[in-house]
Amino acid sequence: MMQVHFIGLGEISLFNLAIALHKKGETVTGSDEKFDESLKSIMQEQGLLPKGAGWFSDSIHAQLDAVVIGSQVKHDNPELVKAQELGLPLFSFPDFLYEQTKYKTRVVITGSQNQGTVAKMILHALDYNEVATDYVTQTSNGIHLTTENDFILIEAGNGVSSSLDSTPQFQKYIPNIALLSDISSPKDTDSEPFALFVDSVVKGGSITYNDEDSTVKELVEASENPIRKFPYSTPAYQEANGEIFLDTPDGEMPLEISGADDLRSMAGAKWICQQMGVDEVEFYEAMSYFKSDIN
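If you count the sequence shown from 1, position 78 lands on 78 in the working numbering, and the numbers rise without skipping.
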């Protein structure tokens, strides 16, 4: 059993990870200067509510197996300073998550805007077809970790890893299977970190990418990483009376989603699901019940 302390437990990603570890039976503690009220009630239910708001250096001791640092934690944080003085193992959120999942098949979804929709679609299709998977999403209660599931789906954030490491989180997971959904205008976003993401995919792995985003297309096709590359684009569809009908090998299928972005996201999700054991027919059946606002 591990003893893990979270500095910055009020950050949703650290909070979700702490709850997931607690449910696995690990010993978890944490602290922060403030907590959202909705998180407080969950922590109280799980027996994880800290003794108060603020930083407490006496929470850091030599028996800790790991200290996980939130992305907003400052260099002079008293808990961080003491952990450094004691020489304890320090991890950013993505580094610690990688350590917990390095023997699983990591399916990493990232991008600038639409990656969340892709991740929801994949999880919906897997759940509909009773394919068990671990997962990490950017939503409340968004982390599920087990010892038995082979796959983990990670919706990877774009923020820095921690105050000690400015590397974008999505570069840390070393995916076996990856999807790059989109990159904002190069004027707004440095595309180089995404190029490094493509190169971080495990050799022999795969990347599914948005063929309609010119920056994404250029980065993926220019990469010399020996991986399989699966482009996706907006599928053929019809629109009648405000309803979307997808053109499939078995005919037109009505959908409860709308807009080219969602349809394109669905095309990417299909490629990923096929690599996770859900075939095309099973995927389309699941998607006929998917709604864009599904949690």
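The beta carbon of each residue, even a glycine, is placed where N, CA and C say it ideally should be.
### Task
Go through the stretch 121-194 residue by residue and report every complete run of the beta strand (DSSP E) that reaches 3 residues or more, in order.
134-136, 151-155, 160-162, 165-168 and 177-180
### Task
Under 8 Å by Cβ, that's how I've got E11 and S57 pegged, so tell me the actual separation to the nearest angstrom.
Locating residue 11 in the sequence shown gives position 11, where the first residue counts as 1. Locating residue 57 in the sequence shown gives position 57, where the first residue counts as 1. That belief does not hold up - the Cβ atoms of E11 and S57 are roughly 20 Å apart, past 8 Å.
### Query
Relative to the C-alpha of E224, which residue among E280, L80, N176 and L196 is closest?
The sequence position of residue 224 within the sequence shown is 224, counting from 1. Ranking the options by Cα distance to E224, first place goes to L196.
### Task
Excluding the 5 residues preceding and the 5 following I122 in the sequence, name in chain order all residues of the same chain whose CB lies nearer than 7 Å to its CB.
For the purposes of this step, residue 122 is identified with residue 122 of the sequence shown, where counting begins at 1. If we look at I122 and ignore the five residues flanking it on each side, its Cβ neighbours are L153, A269, I272 and C273.
### Query
Among residues of its own chain, excluding the 5 on either side of S166, which ones have a beta-carbon nearer than 6 Å to its beta-carbon?
Along the sequence shown, read from residue 1 onward, the residue named residue 166 stands at position 166. Cβ within range, chain order: V160.
### Message
For a test of the three-state rule: what should DSSP assign to A222, helix, strand or coil?
### Response
Indexing the sequence shown from 1 puts residue 222 at position 222. Helix, per DSSP.
### Task
Go through its chain and collect everything with a Cβ distance to N149's Cβ below 6 Å, but skip five positions before and after it.
Taking the sequence shown and counting its residues from 1, the one referred to as residue 149 is at position 149. The answer, listed in chain order, is A132, T133 and D134.
### Query
What residue does the beta strand (DSSP E) around G242 start on, and which one ends it?
The count along the sequence shown starts at 1 and reaches residue 242 at position 242. Looking at the DSSP string, G242 is not in any beta strand (DSSP E), and its letter there is neither H nor E.
### Query
Between the C-alpha atoms of S258 and S265, what's the straight-line distance to the nearest angstrom?
Indexing the sequence shown from 1 puts residue 258 at position 258. Indexing the sequence shown from 1 puts residue 265 at position 265. Straight through space, the alpha carbons of S265 and S258 are spaced by roughly 11 Å.
### For E280, the first and last residue of its enclosing alpha helix (DSSP H)
Counting from 1 along the sequence shown, the entry for residue 280 is found at position 280. Counting along the chain, the alpha helix (DSSP H) containing E280 begins and ends at E280 to M287.
### Query
Which residue from K74, T248 and M1 puts its Cα closest to that of G325?
Residue 325 is absent from the model: the chain starts at 1 and stops at 295.
### Query
Should K229 and V216 be called a contact, given that it needs their Cβ atoms to be closer than 9 Å?
As a working mapping, residue 229 is identified with position 229 in the sequence shown. As a working mapping, residue 216 is identified with position 216 in the sequence shown. No, the Cβ-Cβ distance between K229 and V216 is not below 9 Å.
### Query
Is it buried or exposed for G111, if we count other Cβ within 10 angstroms and need 16 for buried?
The residue labelled residue 111 in the question sits at position 111 within the sequence shown. When all chains shown are included, G111 counts as buried.
### Message
Whether or not the stretch 82-96 and the stretch 22-29 are in contact is what I'm after, with contact meaning three or more pairs of Cβ atoms, one per stretch, closer than 8 Å; do they touch?
### Response
no
### Query
Under 9 Å between the Cβ atoms of V67 and F91?
Within the sequence shown, the letter at position 67 stands for residue 67. Within the sequence shown, the letter at position 91 stands for residue 91. Yes.
### Task
For the alpha helix (DSSP H) holding N16, just list the boundary residues, first then last.
Along the sequence shown, one-based indexing puts residue 16 at 16. Residues I12 to K24.
### Task
Could you tell me whether the Cβ of Q274 comes closer than 9 Å to any Cβ of chain C?
Going by chain labels, chain C is absent from the structure shown, which holds only one protein chain.
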